[in-house]
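Residue numbers (the numbering used here): 2 to 349. All C-beta atoms in this analysis are idealised placements derived from N, C-alpha and C, irrespective of residue type, glycine included. Small disclaimer: the values here were computed from a predicted structure and weren't measured. Written below as structure tokens is the structure these notes are about.
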């Protein structure tokens, strides 16, 4: 089926389908030479989907949603695994596959380069852009709300969701491997790709004609446990919180250096449940038990409407102008008339 991702609620929920193939933009913070990503790319293409990779020229893990564009027109060093030599353009294609693109920037920057440069210029038949954005499978899981803010895999997905493109972030437990080292289909990269493909394909095939894969503002976070063979692991509906970890600064007395470690016991703050179904198992618990977790997130971070939110706002209510909560306060009117404009700075 063909999905469109035109901005706007009507366009996102009432989209024409022309075939059984989806147009998929694939990214990965581990770089465009990732064995995991290349294997998923292969499986998606074999299933008849149109797939374009736009991923970092080098490994860019842990960048979160940082959008950093290169200031150099050419690569100052060879790309990942020496696929592209130093001196090549900062954006270009793999010498062996014109649908695999690299860009010398962060994962989120690659999402935007894919949406605003690669697809409009070189895939003009993708009139409304990709039907689905997929990041990963990452080398290493991204479990829980704390890692959610740090992961380049999720950051690049969040960037796509912010642009009205349905986004699926996938992270796995296998070790890093170059695509050129994947010699057969009996290896963790291929097993991980198969588990990832199953989830992506199910989302696509289960979407009725005329609908978007995901509602506006929705994204998916998938995590895959260690796989020892090609036996399909069980898949569970989960939530981000619940048995989730967060970090501490662990000081080494011998070296005088800090490193991260898990906070024990698990802090209640990172596991507080205010939204969604609090009866669902946490993704951390499911993956630790050998299952694949599928969690949903939205870009709406607003606090829920409850007594706690009312109490918090109440503490500073004396500062607010006009009636509260109706969107027509004196302050709002001033902003609309341009008499009081907030200073907006881009944070990197």
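Next item on the list: Report the option in 83, 304, 307 and 218 whose CA atom is closest to the CA atom of residue 158.
Entry: 218
Check: Ordered along the chain, which non-local residues of its own chain (more than five positions away) have a Cβ less than 7 Å from that of residue 214?
Finding: 4, 132, 133, 167, 204, 205 and 208
Note to self: With H, G and I counted as helix, E and B as strand and the rest as coil, what does DSSP make of residue 104?
What the structure shows: strand
Next item on the list: Could you check what DSSP says for residue 236 in three-state terms: helix, strand or coil?
Entry: strand
Checklist line | Cut-off 6 Å between Cβ atoms - residues of its own chain near residue 104, not counting five sequence neighbours on either side | finding: 92, 111 and 114
Next item on the list: Starting from the C-beta of residue 310, find all residues in its chain whose C-beta is less than 6 Å away, skip the five residues before and the five after it, and write them out in chain order.
Entry: 304
Checklist line | Candidates 22, 278, 317 and 302, of which the one nearest residue 296 by Cα | finding: 278
Checklist line | residue 301 versus 62, 220 and 100, residue with shortest Cα-Cα distance | finding: 220
Margin query: Any contact between the region 26 to 46 and the region 188 to 199? By contact I mean 3 or more CB pairs, one from each, below 8 Å.
Written below: yes
Item checked: Rounded separation between residue 216 and residue 135 - CA only -> 15 Å
Check: If we call anything under 8 Å between Cβ atoms a contact, is residue 94 one with residue 69?
Finding: no
Check: By Cβ distance, which residues of its chain are closer than 8 Å to residue 183, with the 5 residues on each side in sequence left out?
Finding: 36, 39, 40, 190 and 191
Margin query: What residue range does the beta strand (DSSP E) around residue 362 cover?
Written below: Lying outside 2 to 349, the shown extent of the chain, residue 362 is not represented and no answer is given.
Notebook entry, point to check: Apart from the five residues on each side of it in sequence, which residues of its chain come closer than 8 Å, Cβ to Cβ, to residue 149?
Noted result: 143, 155, 222, 241 and 298
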